[in-house]
Amino acid sequence: MQAQVIYDFSAEPGNNELTVREGETVTVLNQNVGGGWIEAQNARGESGLVPEDYLQVSVCLCSLRITHHNNVCDGAAVTHLFCCNSLRICKVKSNPMLFVTCTHKMFVNAVVFVMLYLFVFFLYNVLVCACEGDDDDGEWDEEWDDARSTGGYGETTGEEEGEAMGDVGPVWLYPQSPLDCVVADPKKGSKMYGLKSYIEYQVTPNTTNRPVNHRYKHFDWLYERLLEKFGSAIPIPSLPDKQVTGRFEEEFIKMRMERLQGWLCRMCRHPVVSNSDVFQLFLTYRDEKEWKTGKRRAEKDECVGPMVFSTIDPEAPELDIIEVEQKCELFSRFTKEMDDGVKDLLNVGNIHWKRCTGPLRKEYQKIGKAFQNLSSVFNTSGYTGEATLTDALTAAGKTYEEISQIVAEQPRKDLHFLMETNNEYKGLLGCFPDTIGVHKAAIEKVREGDKMVAAGKITTQDKVTMAKRTSIMCYSLQAEMNHFHSNRIYDYNRVMQLYLEEQIRFYETVRGVRERERGFYETVRGVFFSLVRLLRS
Numbered sequence: 001m002q003a004q005v006i007y008d009f010s011a012e013p014g015n016n017e018l019t020v021r022e023g024e025t026v027t028v029l030n031q032n033v034g035g036g037w038i039e040a041q042n043a044r045g046e047s048g049l050v051p052e053d054y055l056q057v058s059v060c061l062c063s064l065r066i067t068h069h070n071n072v073c074d075g076a077a078v079t080h081l082f083c084c085n086s087l088r089i090c091k092v093k094s095n096p097m098l099f100v101t102c103t104h105k106m107f108v109n110a111v112v113f114v115m116l117y118l119f120v121f122f123l124y125n126v127l128v129c130a131c132e133g134d135d136d137d138g139e140w141d142e143e144w145d146d147a148r149s150t151g152g153y154g155e156t157t158g159e160e161e162g163e164a165m166g167d168v169g170p171v172w173l174y175p176q177s178p179l180d181c182v183v184a185d186p187k188k189g190s191k192m193y194g195l196k197s198y199i200e201y202q203v204t205p206n207t208t209n210r211p212v213n214h215r216y217k218h219f220d221w222l223y224e225r226l227l228e229k230f231g232s233a234i235p236i237p238s239l240p241d242k243q244v245t246g247r248f249e250e251e252f253i254k255m256r257m258e259r260l261q262g263w264l265c266r267m268c269r270h271p272v273v274s275n276s277d278v279f280q281l282f283l284t285y286r287d288e289k290e291w292k293t294g295k296r297r298a299e300k301d302e303c304v305g306p307m308v309f310s311t312i313d314p315e316a317p318e319l320d321i322i323e324v325e326q327k328c329e330l331f332s333r334f335t336k337e338m339d340d341g342v343k344d345l346l347n348v349g350n351i352h353w354k355r356c357t358g359p360l361r362k363e364y365q366k367i368g369k370a371f372q373n374l375s376s377v378f379n380t381s382g383y384t385g386e387a388t389l390t391d392a393l394t395a396a397g398k399t400y401e402e403i404s405q406i407v408a409e410q411p412r413k414d415l416h417f418l419m420e421t422n423n424e425y426k427g428l429l430g431c432f433p434d435t436i437g438v439h440k441a442a443i444e445k446v447r448e449g450d451k452m453v454a455a456g457k458i459t460t461q462d463k464v465t466m467a468k469r470t471s472i473m474c475y476s477l478q479a480e481m482n483h484f485h486s487n488r489i490y491d492y493n494r495v496m497q498l499y500l501e502e503q504i505r506f507y508e509t510v511r512g513v514r515e516r517e518r519g520f521y522e523t524v525r526g527v528f529f530s531l532v533r534l535l536r537s
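When we follow the UniProt record's numbering, the leftmost residue of the sequence shown carries the number 1, and every step to the right adds one.
Here's what the structure looks like:
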């Protein structure tokens, strides 16, 4: 079977991978390698593993595209695609968005193909019915009220979120003992008899002090689950970017571990996320069986997206929608301006970092070299009274060379942490527009309540229920806004204190280097004063 390469891929040495280039045609040797890889052979006879997503199998029996539109689904489409060696079914909904991907199955004969063909039409009808049952016509699903008794993943253990009224308004109920964790001890592992390698990290929560092992793909799975479950109510920042090449280099592993630590700690600090079953599973599973069983339960969780609001109980009167809108608009402007400020600081910081490790370092080196060259010239004069001056010039040159190294190393000691914190907030701020959009849509729905009642689409009681549910969403949004502000103040207080302390140490170090040559400086200063008096006379 032939396949077309759609992206460039560079093989990692020692990983049994195959380097391919976009547009190249390769022969597929084995599609059942697993882990998202395919064994392929190029035109030169070289074979190895290539990422599955980088190849497009060119042989296809037929394709069928079925698209369903109506005013209920709001333009959402359901698409089915048949290929000779695989079945992929993807369902896209406007709110909440779901993606369902079936695993690859070999079609061994025409009977299986026909059975799958009939199965897809059956599934299509199910999906259409589900789409027609959506709430965009103004009728609210009764599952909201029944969510706590549905047996969903989060609710079987009594998982329910609470809010309280603080000095700043609604706030989440925080645990007495904050959750924290440490990501450390990266180790290289392998599978498929050494054909594939990966990096595994130890994650140790403070609640058990018992480490669990996780790969990057496990973090990615956790991110997808948290985004699906809480994304409508809580901003879930993205993980550090994936990387195909260089992922086993020591510097990259260290950087990724540090960023995974930052991401996981931010999730630990959120009382809703950290208390969820899926997050606790990630931190505290005891064996592989418990991990796999927990994953299956999490993936079948029905209380996701907007349904998560059904688990929130503010135990307070309904909020004034106009007041909520004003606070929401103020927060939107603030996050937009903060996002601009964070990006500006990242840009300036990157420029300064490059200058410290490049031009500025070289400038200090040039100054040091110039002093030493001048000292060498003075030594050739044959004059007996200038030894002190030439020694002072040589010492000054070496001092500037030492300072150049200190300057080059300094960004990693102070600017690094400031940049990492701003990178985290850049990702976090990018999530808020979607979260705020969910609440704005709910408020708009409530405003249309009178029209819906007049049109007979909903009853008066339905309108009251809509207003109550929207009030819960408003409480949630304000609690999240206050959580963001309190974390922002804490994070920037901490990182700025660290940055300024390191800056003080930097200047004290430079001063210490110069103090070592103080005797020479005093001599040189005396010489300079003599020269000045001579020039004036």
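Just so you know, even glycine gets a beta-carbon here, dropped at the ideal spot from N, CA and C.
Quick caveat, the model's predicted, so the values are computed rather than measured.
Quiz item: Are the beta-carbon atoms belonging to residue 264 and residue 183 less than 8 Å from one another?
Solution: As a working note, residue 264 is residue 264 in the sequence shown. As a working note, residue 183 is residue 183 in the sequence shown. Taking 8 Å as the Cβ cut-off, residue 264 and residue 183 qualify as a contacting pair.
Exercise. Consult DSSP for residue 426 and reduce its assignment to one of helix, strand or coil.
Key: The sequence position of residue 426 within the sequence shown is 426, counting from 1. In the structure shown, residue 426 sits in a helix (DSSP, three-state: H, G or I).
Quiz item: Helix, strand or coil for residue 202 per DSSP?
Solution: What you label residue 202 is simply residue 202 of the sequence shown in a count that begins at 1. Three-state DSSP puts residue 202 in a strand.
Quiz item: Which two residues bound the contiguous beta strand (DSSP E) that contains residue 405?
Solution: Here the question's residue 405 lines up with position 405 in the sequence shown. Residue 405 -> not in any beta strand (DSSP E); alpha helix (DSSP H) instead, spanning 387-413.
Practice problem: Measure from the alpha carbon of residue 472 to the alpha carbon of each residue in 321, 287 and 452, then state which is nearest. | Solution: Taking the first residue of the sequence shown as position 1, residue 472 is located at position 472. Ranking the options by Cα distance to residue 472, first place goes to 321.
Quiz item: Are there 16 or more other CB atoms within 10 angstroms of the CB of residue 410, so buried, or fewer, so exposed?
Solution: Your numbering for residue 410 matches position 410 in the sequence shown. Burial call: buried.
Quiz item: Where do the ends of the alpha helix (DSSP H) carrying residue 288 lie?
Solution: Here the question's residue 288 lines up with position 288 in the sequence shown. Per DSSP, residue 288 belongs to the alpha helix (DSSP H) from 288-299.
Quiz prompt | Backbone CA spacing between residue 436 and residue 477 [nearest angstrom] | solution = By 1-based counting over the sequence shown, the position of residue 436 is 436. By 1-based counting over the sequence shown, the position of residue 477 is 477. Roughly 8 Å separates the two Cα atoms.
Self-check item: Presumed contact (8 Å Cβ cut-off) between residue 204 and residue 179, rounded CB distance
Solution: Walking along the sequence shown from the start, residue 204 turns up at place 204. Walking along the sequence shown from the start, residue 179 turns up at place 179. Not a contact, Cβ separation roughly 12 Å.
Quiz prompt | Simplified DSSP assignment, three categories, for residue 220 | solution = In the sequence shown, counting from the first residue as 1, residue 220 sits at position 220. Helix at residue 220.
Quiz item: Considering only residues of the same chain and omitting the five flanking positions on each side of residue 299, which have a CB-CB separation below 8 Å?
Solution: What you label residue 299 is simply residue 299 of the sequence shown in a count that begins at 1. Result list for residue 299: 225, in chain order.
Self-check item: Extent of the continuous beta strand (DSSP E) run through residue 32
Solution: Reading the sequence shown from its first residue, position 32 is the one you call residue 32. Element bounds for residue 32: 25-34.
Quiz item: Going by alpha carbons, who is nearest to residue 37 out of 30, 52, 17 and 419?
Solution: Working through the sequence shown from its first residue, we reach residue 37 at position 37. Closest option to residue 37, Cα to Cα, is 52.
Quiz prompt | First through last residue of the alpha helix (DSSP H) which encompasses residue 268 | solution = If you number the sequence shown from 1, residue 268 lands on position 268. 250-268 is the extent of the alpha helix (DSSP H) around residue 268.
Quiz item: Nearest CA to the CA of residue 277: which residue from 230, 323, 252 and 449?
Solution: By one-based count along the sequence shown, residue 277 stands at place 277. Answer by Cα proximity: 230.
Self-check item: the ligand COA heavy atom lying under 7 Å from the CB of residue 177
Solution: No copy of the ligand COA appears in this structure; indeed no ligand is present at all.
Quiz prompt | Spatial distance of residue 87 from residue 405 (CA atoms) | solution = For the purposes of this step, residue 87 is taken as the residue at position 87 of the sequence shown. For the purposes of this step, residue 405 is taken as the residue at position 405 of the sequence shown. Bear in mind that a pLDDT of 28 at residue 87, under 50, signals an unreliable position, so the model cannot answer this.
Quiz item: How should residue 236 be labelled, buried or exposed, when 16 other C-beta atoms within 10 angstroms of its C-beta is the threshold for buried?
Solution: The residue given as residue 236 occupies position 236 in the sequence shown. When all chains shown are included, residue 236 counts as buried.
Self-check item: Close Cβ partners of residue 424 (< 6 Å) along its chain, the five nearest in sequence each way excluded
Solution: In the sequence shown, counting from the first residue as 1, residue 424 sits at position 424. For residue 424, where only same-chain residues beyond five positions count, the Cβ hits under 6 Å are 262.
Practice problem: Please classify residue 56: is it buried, with 16 or more other beta-carbons within 10 angstroms of its beta-carbon, or exposed? | Solution: Reading the sequence shown from its first residue, position 56 is the one you call residue 56. So residue 56 ends up on the exposed side.
Quiz prompt | Local conformation of residue 4 per DSSP, three classes | solution = One-based indexing of the sequence shown puts residue 4 at position 4. Three-state DSSP puts residue 4 in a strand.
Quiz item: Which of the three DSSP states, helix, strand or coil, is assigned to residue 227?
Solution: Numbered from its first residue, the sequence shown carries residue 227 at position 227. Three-state DSSP puts residue 227 in a helix.
Quiz item: When burial is assigned at 16 or more other CB atoms within 10 Å of the CB, is residue 5 buried or exposed?
Solution: Counting from 1 along the sequence shown, the entry for residue 5 is found at position 5. Residue 5 should be labelled buried.
Quiz prompt | Cβ-based burial, residue 220 [other Cβ within 10 Å; buried from 16] | solution = On the sequence shown, residue 220 is found 220 positions in, with the first residue counted as 1. By the 10 Å Cβ count, residue 220 comes out exposed.
Quiz item: Start and end of the beta strand (DSSP E) containing residue 48?
Solution: The sequence position of residue 48 within the sequence shown is 48, counting from 1. Element bounds for residue 48: 47-51.
Exercise. Return the Cβ separation of residue 188 and residue 248 in integer angstroms, given the expectation that the two are a contact with Cβ distance under 8 Å.
Key: By one-based count along the sequence shown, residue 188 stands at place 188. By one-based count along the sequence shown, residue 248 stands at place 248. About 7 Å; that satisfies the 8 Å criterion.
Quiz item: Since residue 214 sits in a beta bridge, which residues does DSSP pair it with?
Solution: Stepping through the sequence shown from its first residue, residue 214 is reached at position 214. In the DSSP output, where bridge partners are listed per residue, residue 214 has 201.
Quiz prompt | Proximity to residue 328 [Cα-Cα], best of 515, 48 and 482 | solution = Indexing the sequence shown from 1 puts residue 328 at position 328. With distances taken between Cα atoms, residue 328 lies closest to 482.
Practice problem: Could you pull the start and end residues of the beta strand (DSSP E) that residue 56 belongs to? | Solution: The sequence position of residue 56 within the sequence shown is 56, counting from 1. Segment 55-57, the beta strand (DSSP E) holding residue 56.
Quiz item: In this structure, what does DSSP give as the bridge partners for residue 190?
Solution: Indexing the sequence shown from 1 puts residue 190 at position 190. Paired residue(s): 197.
Quiz item: From what residue to what residue does the beta strand (DSSP E) around residue 41 run?
Solution: Within the sequence shown, residue 41 is the residue found at index 41, counting from 1. Start and end: 37-41.
Self-check item: Given 8 Å, three or more beta-carbon pairs between the stretch 341-357 and the stretch 414-431
Solution: yes
Quiz prompt | Cβ neighbour criterion (16 or more within 10 Å) applied to residue 314 | solution = In the sequence shown, residue 314 corresponds to position 314, counting from 1. Buried, because 16 or more other Cβ atoms sit within 10 Å of the Cβ of residue 314.
Quiz item: Helix, strand or coil: how does DSSP classify residue 20 here?
Solution: For the purposes of this step, residue 20 is taken as the residue at position 20 of the sequence shown. The answer is strand: DSSP assigns residue 20 an E or B state.
Exercise. Please report how far the alpha carbon of residue 538 lies from the alpha carbon of residue 439, in whole angstroms.
Key: This structure cannot speak to residue 538, because the chain is shown only from 1 to 537.
Quiz item: Whose CA, out of 185, 375 and 26, lies closest to the CA of residue 7?
Solution: Locating residue 7 in the sequence shown gives position 7, where the first residue counts as 1. Nearest option by C-alpha distance: 26.
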